[in-house]
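Undergrad: Protein sequences appear in the order of chains A and B. Position in the first sequence (from 1) plus 18 gives the number in the numbering used here. Position in the second sequence (from 1) plus 178 gives the number in the numbering used here. Glycine included, each C-beta is placed from N, C-alpha and C at the ideal position. Please read these numbers as outputs of a predicted model, since none were measured by experiment. Here it is: the structure, laid out below.
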Amino acid sequence: MKIAVCIKRVPEMDVKFRIAASGKAVDEMGLKWDMSDFDGYAVEAALQMVEKLGTGEVVVVSLGPDATQEVLRKALSMGATRAVHLKSDQVPFDSAAIATALAAELKDGGYDLIMFGKMAIDSASGATGVMVGETLGLPTVHGCSKLEIATGRGSARRELEGGAEEVTFPLPAVVTIDEGIARPRYPSLKGIMAAKKKPMDTKPAQLGTVRVTVDAMALPPERAAGRIVGEGAAAVPELVRLLQTEAKVV
Amino acid sequence: MPNVLTYAEVRGGDLRKISLESVSTARALADAYGGEVHVVLTGGPGVGSHTGTLGEHGADAVFVTEHEALAQYNPEALSALVADRARNAYAAVLIGASARGKDLAPRVAAKLGAAILSDVTSLRLDGDALVATHPVYTGKVLATLRLTAGDAAAVVSLRPGAFSATPAPRTARVEGVPPSGDPTAVRVQVKETTTADSRKLDLAEAPVIVSGGRGLKAAENFKLVEDLAAAFGNAAVGATRAVTDDGWRPHSDQIGQTGRQVSPELYVAVGISGAIQHIAGMRASRCIVAINKDAEAPIFKVADYGIVGDVFEVVPALTAAIRELRARP
Ligand SMILES: Cc1cc2nc3c(=O)[nH]c(=O)nc-3n(C[C@H](O)[C@H](O)[C@H](O)COP(=O)(O)OP(=O)(O)OC[C@H]3O[C@@H](n4cnc5c(N)ncnc54)[C@H](O)[C@@H]3O)c2cc1C
Ligand SMILES: Nc1ncnc2c1ncn2[C@@H]1O[C@H](COP(=O)(O)O)[C@@H](O)[C@H]1O
């Protein structure tokens, strides 16, 4: 079983972002970085599958600047077998351009399963994995909250509005991972030591034509400070009055 | 003449609200191009009955494909059909970013070799480029993105609720279209579909969301939240990750950074602390109400109105008050 997992390096989100002087990006000063949430779930799910089968390898792939190697190294310390760094100093907000580069790398890798996060939490596009699947002409299942692989076939659960569906598909296939599948493990000290010796292959990213560019980035308007209407059930009539006359939502 | 193509989502036989929002948005865009609005309408036999409503909202032509295998969401067959249609010299393809649309749009884009703008909250034409806004970094930053026209139609997915459905009545031309290939010969086979109560409103479509957190203490106490939602009559029920982790509610109800992003008119947070990852999913709501026994809970920082108190006391009182209000003539 040979699994590839595409992971993106993103800033940690529990900060107040500032806009860079260009007006077209966030100011990266002081930001901390990690792999995107859903990508962490995908790495964990891949590791668990290989552990359960008792054989196979997990290859992690990431496109980005040199610092991207840090998140690849983290995935290696969680237990991935080897890493591929597709070097690109700029990471465009263009899912198609990124999907082109990832598809080119994954095409002849002989993978049984190619995994993505459902969406990257910085770009919030949720398009890249599906686009790679379509580009490679592979069966593609978007947003799996459960996933099992047995004898050349996969089965997955997808949550949809108003329900869920259970699907089955032949391998090789592309899947994107939703929450609920597995929480990423913390790298052990042993894992961190072992990761230092694991192979990391770096090559230039073959980005597709970039057709989506950033005109501007801005902070959304702050919410006006709210107020405490009162305490306990006694405050309910006043709340209802405000919802009716001030907010006009009921 | 650059036309705009859009996709009408039908679920359980009903045309979804997002479909009309898409047609209206396509209408505005087509008017800017000086072109027509064309709609792909697919589903089981009888789905063609929705063409009138699509015309009401500005569709000039509707391409109808009726087939049993399209009655359920069928990504492979549907994306082939939409992409084949889109190859007829369209400037843009607009698809609602519902769970299905988020799956469909990138498939169509990849099949066309097109660029994509995902989950946008505004869209306009600027020269021959499309300019859209899209919340990024868990909604903490708003990006204005520009898609430069290429050889293929630009694909754009529209955030539900961000665009309004407005009447622009006309009588749409209707054309029957066969499926692209055999719609039963798909590789990803649906083995089982669990449908929630079809009367239940979608989080994406509901004007009011009542959401519960760990402050409710146990799964059965979610009844308080459901009762309040029922009292509003137009509300959906949401939850925090603490709640979905414990299996009190399905993951599909989760609101936040790794759940759904919603922007209802009214969001009522019941026993929710207001962790940053939860706020990421609901900060765009128009009005936020919080009920929490801890006056220091961070949820009060984003709430327009707060009540400090015990949910087991406050929520039933609020439910009764809303019920009474709605019972008034
Ligand atoms: C990578 C990552 C992604 C995440 N994604 C999400 C996400 O998408 N959505 C999400 O919601 N969370 C998410 N989380 C989890 C998030 O950090 C919080 O843990 C979670 O939102 C807390 O849920 P809660 O408010 O229900 O529970 P708690 O934080 O435990 O809060 C319960 C609240 O109830 C109040 N309370 C208790 N009893 C009563 C009572 N009787 N009456 C009134 N109030 C009472 C308490 O004062 C408290 O404020 C994520 C976390 C991580 C690390
Ligand atoms: N630069 C990148 N490098 C590696 N994988 C990526 C990159 N960008 C996106 N992905 C993958 O595609 C998924 C969806 O990203 P997006 O379409 O940007 O929301 C992510 O969760 C990753 O699995």
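Checking contacts by CB at 9 Å: is B:Leu-496 closer than that to chain A?
TA: Chain A, which has a Cβ nearer than 9 Å to the Cβ of B:Leu-496, makes this yes.
Undergrad: On the CB-based measure, 16 or more other CB atoms within 10 Å of its CB, does A:Lys-26 come out buried or exposed?
TA: Looking at its Cβ environment, which holds 16 or more other Cβ atoms inside 10 Å, A:Lys-26 is buried.
Undergrad: What first and last residue would you give for the alpha helix (DSSP H) that runs through B:Tyr-211?
TA: From DSSP, the alpha helix (DSSP H) with B:Tyr-211 extends over 195-211.
Undergrad: Suppose the cutoff is 6 Å on Cβ atoms and the five residues either side in sequence are ignored; what does the same chain contact list for B:Asp-281 look like?
TA: Only Pro-253 meet the Cβ criterion.
Undergrad: For A:Thr-99, tell me which candidate among A:Val-258, A:Pro-188, A:Gln-262, A:Met-19 has the shortest Cα-Cα distance.
TA: Checking every option, the nearest Cα to that of A:Thr-99 belongs to A:Met-19.
Undergrad: In chain A, which residues lie with their C-beta within 8 Å of the C-beta of B:Ile-454?
TA: Within 8 Å Cβ-Cβ: Met-31, Asp-32.
Undergrad: Within 8 Å: the Cβ of B:Asp-360 and any heavy atom of ligand 1?
TA: Checking every heavy atom of ligand 1 against the Cβ of B:Asp-360, none is found closer than 8 Å.
Undergrad: Thinking just about the alpha-carbon of each residue, which of B:Ala-275, B:Asp-192, B:Ala-363 is nearest to the one in B:Ala-247?
TA: For B:Ala-247, the nearest C-alpha among the options comes from B:Ala-363.
Undergrad: Spatial neighbours of B:Ala-384 within its chain, please: C-beta separation below 7 Å, excluding the five flanking residues on both sides.
TA: Closer than 7 Å at Cβ, skipping near neighbours: Asn-412, Ala-413, Ala-414, Pro-442.
Undergrad: Taking 8 Å as the line, does the beta carbon of B:Ala-270 fall inside it for any heavy atom of ligand 2?
TA: Answer for B:Ala-270: no, Cβ out of range of ligand 2.
Undergrad: What do you reckon, is the C-beta of A:Ser-278 under 8 Å from a heavy atom of ligand 2?
TA: Examination of residue 278 of chain A is not possible in this model, given that chain A is present from 19 through 268 alone.
Undergrad: Going along the chain, which residues of its own chain have a beta-carbon closer than 6 Å to the beta-carbon of B:Asp-482, five neighbours each way excluded?
TA: Counting only Cβ-Cβ distances below 6 Å, and skipping sequence neighbours, we find Cys-465, Ile-466.
Undergrad: Of the choices B:Thr-220, B:Asp-306, B:Arg-285, whose alpha-carbon is the least far from that of A:Leu-156?
TA: Taking only the C-alpha atoms, the option nearest A:Leu-156 is B:Arg-285.
Undergrad: Return no unless some Cβ of chain A is closer than 9 Å to the Cβ of B:His-312.
TA: Yes - at least one Cβ of chain A is within 9 Å of the one on B:His-312.
Undergrad: Among all the DSSP beta bridges, which residues are the ones paired with A:Val-267?
TA: Partner(s): none; A:Val-267 has no beta bridge.
Undergrad: May I ask which residues mark the beginning and end of the alpha helix (DSSP H) holding B:Phe-410?
TA: Residues 400-410.
Undergrad: Check for me: the beta strand (DSSP E) holding A:Ile-21 runs from which residue to which?
TA: Note, A:Ile-21: beta strand (DSSP E), 20-24.
Undergrad: What residues in the segment 54-76 of chain A have a beta carbon less than 8 Å from any beta carbon of chain B?
TA: So the list reads Asp-55, Phe-56, given in the order they occur along the chain.
Undergrad: Determine, for B:Phe-478, whether the minimum Cβ-Cβ distance to residues of chain A falls below 9 Å.
TA: By this cut-off, B:Phe-478 is an interface position.
Undergrad: Please classify A:Asp-18: does DSSP put it in a helix, a strand, or coil?
TA: No statement about residue 18 of chain A is possible, as the shown extent of chain A runs from 19 to 268 and does not include it.
Undergrad: Identify the contact partners of A:Gly-144 in chain B, using a Cβ-Cβ distance below 8 Å as the criterion.
TA: Within chain B, the residues near A:Gly-144 are Lys-280, Pro-284, Ser-296, Asp-297.
Undergrad: Is the segment 313-324 of chain B touching the segment 230-241 of chain A, taking contact as three or more C-beta pairs under 8 Å?
TA: In short, these stretches touch, since the Cβ pair count reaches three.
Undergrad: Which residues of chain A have a Cβ atom closer than 9 Å to the Cβ of B:Leu-444, listed in chain order?
TA: Leu-261, Ala-265, Val-267, Val-268, listed in chain order.
Undergrad: Work out the CA separation of A:Ala-191 and A:Lys-125 for me, nearest whole Å.
TA: Approximately 12 Å between the Cα atoms of the pair.
Undergrad: What did DSSP end up calling A:Thr-227 once you bin it into helix, strand or coil?
TA: In the structure shown, A:Thr-227 sits in coil (DSSP, three-state: anything other than H, G, I, E or B).
Undergrad: At 3 residues or longer, what runs of the beta strand (DSSP E) sit wholly inside the segment 170-197 of chain A?
TA: If we require 3 residues or more, the beta strand (DSSP E) runs fully inside the segment 170-197 of chain A come out as 171-178, 181-188, 191-195.
Undergrad: Tell me which residue opens and which closes the beta strand (DSSP E) that A:Leu-71 is part of.
TA: Run containing A:Leu-71: none in the beta strand (DSSP E); it sits in the alpha helix (DSSP H), 55-71.
Undergrad: With distance defined between alpha-carbon atoms, name the residue in B:Val-489, B:Leu-320, B:Pro-357 nearest to B:Pro-394.
TA: Pro is not the amino acid found at residue 394 of chain B; the sequence shown has Leu there. Of the candidates B:Val-489, B:Leu-320, B:Pro-357, the one whose C-alpha sits nearest the C-alpha of B:Leu-394 is B:Val-489.
Undergrad: Mind checking the segment 223-242 of chain A against chain B and listing, in chain order, the residues whose C-beta falls within less than 7 Å of any C-beta there?
TA: Here the close residues are Arg-229, Val-230, Thr-231, Val-232, Asp-233, Ala-234, Met-235, Ala-236, Leu-237, Pro-238, Arg-241.
Undergrad: In angstroms, rounded to a whole number, what distance separates the CA positions of B:Val-242 and B:Ala-332?
TA: Their Cα atoms are separated by approximately 22 Å.
Undergrad: Extract the residue ranges of the beta strand (DSSP E) inside the segment 229-261 of chain A, only unbroken runs of 3 or more that lie entirely within it.
TA: List check, beta strand (DSSP E) in window: 230-236, 245-249.
Undergrad: Helix, strand or coil, according to DSSP, for B:His-312 in the structure here?
TA: In this structure, B:His-312 counts as strand in the three-state DSSP scheme.
Undergrad: Which same chain residues end up closer than 8 Å to B:Ser-342 when comparing Cβ atoms and leaving out the 5 residues on each side of it in sequence?
TA: Within the same chain, B:Ser-342 has close Cβ partners Glu-199, Ser-202.
Undergrad: What is the rounded straight-line gap between the Cα of B:Ile-477 and the Cα of B:Leu-444?
TA: Their Cα atoms are separated by approximately 15 Å.
Undergrad: Is it buried or exposed for A:Tyr-129, if we count other Cβ within 10 angstroms and need 16 for buried?
TA: Buried, since its Cβ has 16 or more Cβ neighbours within 10 Å.
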